[in-house]
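Remarks on the structure that follows.
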Amino acid sequence: MTGAAMDPASFVRLRRLALAALAIGYLHVVFGAIVRISGSGYGCGNHWPKCMGAWFPPLDRTDLVVELSHRYLAFALTLAIVGLALAAWARHRDAGVGGAGGVLRPAGLSALLVLVAAVFGAVIVKLDLQNRYVVVVHLSLAMAILAALAVAAIRAGAFGRAMADAGGGSGRTLGGARALVAITFVVLVMGALTANLPGASFSCLGFPLCRNGYGGAFPYQHIQLTHRVLAFAVFFHALGLVVGVRRRDESAQLARWAWATFGTILAQVLLAAVMVELGLPLWARSAHEAIGTATWLVVVVFVSLAARAGGAGGAPVGAAMPVRPLAGAAGERA
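Numbering (this note's numbering), first residue to last: 206 to 539.
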C-alpha cells in the first residue's frame, strides 16, 4: 500500500533516471534507422551478443562499427531502464511511485519491453531473419519503450507535470490527444513498411502527388499513399487540437505542448517533401526517422499532460470549458 511521504531528493533521482533512459532510448532508435539505411544490420554477422565472434572485434569495417555502436547503445539503454525500475521499486511504498499513477508501473513496463526487444533482436540475428515485417515489429517495440519512459518521466515530475496537475484541461482535448496518439502510431508503422518493403520508397516520386503515375507498375504504392494520407490526417488533427485548446481557453501548459506537437508534425511533413523531391538521400531519410521519433515522443507527452490537466484540479475530464472566441471575433461583435 502506498502513501508514505516521498523524499524530494529520491523523486529528483527518479526523474533524472527516467530522462536519461529516455534520451538514450531516443538515440538508440535514431541510430537503429542509420543501421538500416546504411545497410549495416549484419555488420556483426549472425553473432549475438558477440560481434563476429568477439566481444571487442577489430573496428576495420564501417558496417561493423555502425552495428556495434547500435548494440552498445542498446546495452546502455537496458542498464538505464533496469536502474530506473530498481530505483522505483526501492521506493514503491512512497506516494507517487507505487500504485496507479506512480512511476513504478511505466518503469516496470519499459523494463519488460526492453527485455522482449532484446530477445526479439537476438532471434532476428541468430536465425538470419530477412522478413521485412520483422523490422516493423522491432520499431513498434521501440516506440512502446519510449512511450513508457516518457510517461515514467512525467510521473516523476518532468515536462511540466506540476502545471498540468493544476488543471485547466478538458475532456475534448484529452479525447483528441488520444486519437492523435493512435493515428500517429499507425503512421509510424506505415512509414516503417514504406521504408522496408522493396520499391515502396520509390513508388511515389513527387510530393504531394506521384509524378510517376499510379497503378500496378508500383506494387507497394498503396502502402506509401496510405502513409501520406494518414500523415496529413495527423497534421490537420493536430492543427484542430491547437485551435480547440485556444478556443476553450485551456492552460498555457497544454497550449505550449499543443503547439509543440503541431510544430514537430509540420517539420516532419516539410522534411518529407524535401526528402522525396531530392530523391531520398540518406541524410534526409535519417533525419525523417529522427523527427518522426521526436514527434511520437511529443505526442505521448501531450496526451499524458492532457490526461493530468483534465483529471486533476481545475475542470474534471468531461466538464465543459469556457470557449474563447478567435482573434477578431470579439471586436466584430462590439
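The beta-carbon is built from N, C-alpha and C at its ideal position, and this holds for glycine as well.
Problem - Cutoff 8 Å; reference P486; Cβ partners in own chain excluding five residues on either side - result: The sequence position of residue 486 within the sequence shown is 281, counting from 1. Closer than 8 Å at Cβ, skipping near neighbours: M480.
Practice task
Would you identify the three-state DSSP class for A300, choosing helix, strand or coil?
Solution key: Taking the first residue of the sequence shown as 1, we reach residue 300 at position 95. Coil at A300, not helix or strand.
Problem - Beta-bridge partners of C415, as assigned by DSSP - result: Position 210 of the sequence shown holds residue 415. Per DSSP, none; premise fails for C415.
Practice task
Determine the direct distance from the alpha carbon of R360 to that of W464, and round the result to whole angstroms.
Solution key: Residue numbering aside, residue 464 sits at position 259 when the sequence shown is read from its first letter. Residue numbering aside, residue 360 sits at position 155 when the sequence shown is read from its first letter. Taking the straight line from one Cα to the other gives about 22 Å.
Practice task
Can you grab the Cα-Cα spacing for the pair R298 / L309, in whole Å?
Solution key: On the sequence shown, position 93 is the one that residue 298 refers to. On the sequence shown, position 104 is the one that residue 309 refers to. Distance between the alpha carbons of R298 and L309: 10 Å.
Practice task
With S548 as the anchor, note down where its alpha helix (DSSP H) starts and where it stops.
Solution key: This structure leaves residue 548 out entirely; the chain is present only between 206 and 539.
Handout entry: For V505 and L355, believed in contact at Cβ under 8 Å, the rounded distance
Key = Reading the sequence shown from its first residue, position 150 is the one you call residue 355. Reading the sequence shown from its first residue, position 300 is the one you call residue 505. Per the sequence shown, the amino acid found at residue 355 is Ala instead of Leu. So it is a contact: roughly 5 Å between Cβ atoms.
Exercise for the section: Enumerate, from N- to C-terminal direction, the unbroken alpha helix (DSSP H) stretches of 4 or more residues contained entirely within the region 457 to 497. Expected result: 457 to 482
Handout entry: Limits of the unbroken alpha helix (DSSP H) element including M257
Key = Here residue 257 is taken as the residue at index 52 of the sequence shown, counted from 1. Where M257 is concerned, there is no enclosing alpha helix (DSSP H), given that its DSSP letter is neither H nor E.
Practice task
Helix, strand or coil for S215, going by three-state DSSP, please let me know.
Solution key: Locating residue 215 in the sequence shown gives position 10, where the first residue counts as 1. Reduced to three states, the DSSP call for S215 is helix.
Exercise for the section: Please state if the CB of K331 and the CB of W260 are separated by a distance shorter than 8 Å. Expected result: Position 55 of the sequence shown, counted from the first residue, corresponds to residue 260. Position 126 of the sequence shown, counted from the first residue, corresponds to residue 331. Taking 8 Å as the Cβ cut-off, W260 and K331 do not qualify as a contacting pair.
Exercise for the section: Starting from the Cα of A322, find the closest Cα among L219, I350, T431 and give me that residue. Expected result: The count along the sequence shown starts at 1 and reaches residue 322 at position 117. Considering only alpha carbons, the answer is I350.
Practice task
Leaving out five residues on either side along the sequence, give the residues of the same chain with a beta carbon under 7 Å from the beta carbon of G362.
Solution key: By 1-based counting over the sequence shown, the position of residue 362 is 157. Cβ within range, chain order: F216, R220.
Practice task
Report the rounded CA-to-CA distance for L483 versus R276, giving the unit in angstroms.
Solution key: Start at 1 with the first residue of the sequence shown, and residue 483 comes out as number 278. Start at 1 with the first residue of the sequence shown, and residue 276 comes out as number 71. Approximately 31 Å between the Cα atoms of the pair.
Handout entry: Any chain B beta carbon closer than 8 Å to F390
Key = The structure shown contains no chain B; it is built from a single protein chain.
Handout entry: H233 beta carbon less than 8 Å from that of A279
Key = Working through the sequence shown from its first residue, we reach residue 279 at position 74. Working through the sequence shown from its first residue, we reach residue 233 at position 28. Yes.
Handout entry: For G372 and A517, the rounded distance between their alpha carbons
Key = Your numbering for residue 517 matches position 312 in the sequence shown. Your numbering for residue 372 matches position 167 in the sequence shown. Unreliable placement is indicated for A517, whose pLDDT of 41 sits below 50; the coordinate value is still reported in the next sentence. Their backbone Cα atoms lie some 5 Å apart in a straight line.
Handout entry: Separation of Y231 from G237, as counted between CA atoms
Key = Locating residue 237 in the sequence shown gives position 32, where the first residue counts as 1. Locating residue 231 in the sequence shown gives position 26, where the first residue counts as 1. Straight-line Cα distance between these residues: approximately 10 Å.
Handout entry: Close Cβ partners of V508 (< 8 Å) along its chain, the five nearest in sequence each way excluded
Key = By 1-based counting over the sequence shown, the position of residue 508 is 303. Taken in chain order, the residues that qualify are L379, A382, R383, L385, V386.
Practice task
Decide if A226 is buried, meaning its Cβ has at least 16 other Cβ atoms within 10 Å, or exposed.
Solution key: In the sequence shown, counting from the first residue as 1, residue 226 sits at position 21. It is buried - the Cβ of A226 has at least 16 other Cβ atoms within 10 Å.
Exercise for the section: Kindly indicate which residue of A293, V328, L393, L273 has the alpha-carbon position closest to the one of P311. Expected result: Numbered from 1 along the sequence shown, position 106 holds the residue referred to as residue 311. Nearest C-alpha to P311: A293.
Handout entry: At least three beta-carbon pairs within less than 8 Å, the region 444 to 453 to the region 429 to 436
Key = no
Practice task
Indicate the three-state DSSP secondary structure (helix, strand or coil) for G381 in the structure shown.
Solution key: Along the sequence shown, read from residue 1 onward, the residue named residue 381 stands at position 176. It is helical.
Handout entry: Exposure of V392, with buried meaning 16 or more beta-carbon neighbours within 10 Å
Key = As a working note, residue 392 is residue 187 in the sequence shown. Classification for V392: buried.
Practice task
Report yes if the C-beta distance between F412 and A478 is below 8 Å; otherwise report no.
Solution key: Position 207 of the sequence shown, counted from the first residue, corresponds to residue 412. Position 273 of the sequence shown, counted from the first residue, corresponds to residue 478. For F412 and A478, yes; Cβs fall inside 8 Å.
Handout entry: Integer-rounded CB distance, given that Q458 should sit under 8 Å from T514
Key = Locating residue 514 in the sequence shown gives position 309, counting from the first residue. Locating residue 458 in the sequence shown gives position 253, counting from the first residue. According to the sequence displayed, residue 514 carries Ala and not Thr. The pair is a contact, with the Cβ atoms about 7 Å apart (cut-off 8 Å).
Exercise for the section: State buried or exposed for F364, treating a residue as buried only when at least 16 other CB atoms are found within 10 Å of its CB. Expected result: Translated into positions along the sequence shown, residue 364 becomes position 159. F364 comes out buried.
Exercise for the section: State the Cα-Cα distance for the pair A352 and L502, rounded to the nearest angstrom. Expected result: To locate residue 352, count along the sequence shown from 1; it is residue 147. To locate residue 502, count along the sequence shown from 1; it is residue 297. Going from the Cα of A352 to the Cα of L502 covers about 7 Å.
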